[in-house]
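Shown next, in structure tokens, is the structure this report addresses.
Numbering (this note's numbering), first residue to last: 15 to 204.
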């Protein structure tokens with residue numbers, strides 16, 4: 015005779031097994047379109063580790079400090095596609111030549127300002143990052159980091175355009191882009 019407790023217990027165990035079976039572990043080089051829901055895109059070969067650290071560069075009279083960390087299992091939402099990815103997370107401080115801080119995201123925990131890796135390019139092991147921009151999304155775009163050696167990386171920043179109006183961005187808001195808009199800028203590990 016089957017009782018209700020056994021049916022509930024069996025259903026619970028079966029649903030856990032099914033859910034775990036649906037979750038796949040995939041390498042970082044997996045194309046986004048090929049990632050199924052609930053998958054885990056993992057840093058299986060420690061490809062992100064060489065990027066972790068504090069890096070500095072000077073560009074057009076500004077000192078830029080990058081704070082690069084690794085976040086395991088970052089939830090990624092691409093429309094109907096949801097999965098988890100190990101990612102580099104970049105925070106930064108930009109100072110002018112007098113040492114005044116122009117922009118600081120180091121202690122920013124707001125989800126509206128972010129820079130994190132979306133994949134590692136298999137051809138040259140470059141880390142491709144997406145950047146949200148800051149106030150009113152000014153400066154949103156892509157950043158490419160390439161490891162040159164154990165202490166240096168190359169920076170390329172490609173900001174995208176945005177149309178600003180008073181409905182989307184209040185008057186008086188700082189809409190300057192402080193990150194270096196350039197290619198092949200060398201950052202040195204501190």
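The C-beta atom is built at its ideal place from N, Cα and C for all residues, glycine as well.
Within the DSSP bridge table, the entry for residue 169 names 159, 199 as partners.
The criterion of a C-beta distance shorter than 9 angstroms is not satisfied by residue 102 and residue 77. Its Cα nearest to that of residue 57, the residue 131 stands out among 95, 131, 112. Per DSSP, the continuous beta strand (DSSP E) segment holding residue 107 begins and ends at 95–109. By the C-beta criterion, the region 188–195 is judged to be in contact with the region 157–173, since at least 3 inter-stretch pairs fall below 8 angstroms. Per DSSP, the unbroken beta strand (DSSP E) holding residue 67 starts and ends at 67–73. Contact between residue 43 and residue 66 does not hold, since the beta-carbon distance rounds to 19 angstroms and is not under 8 angstroms.
For residue 80 and residue 151, the gap between their C-alpha atoms comes out near 20 angstroms. Rounded to whole angstroms, the separation of the alpha carbons of residue 74 and residue 198 is 14 angstroms. Secondary structure note for residue 90: its beta strand (DSSP E) is the uninterrupted segment 76–92.
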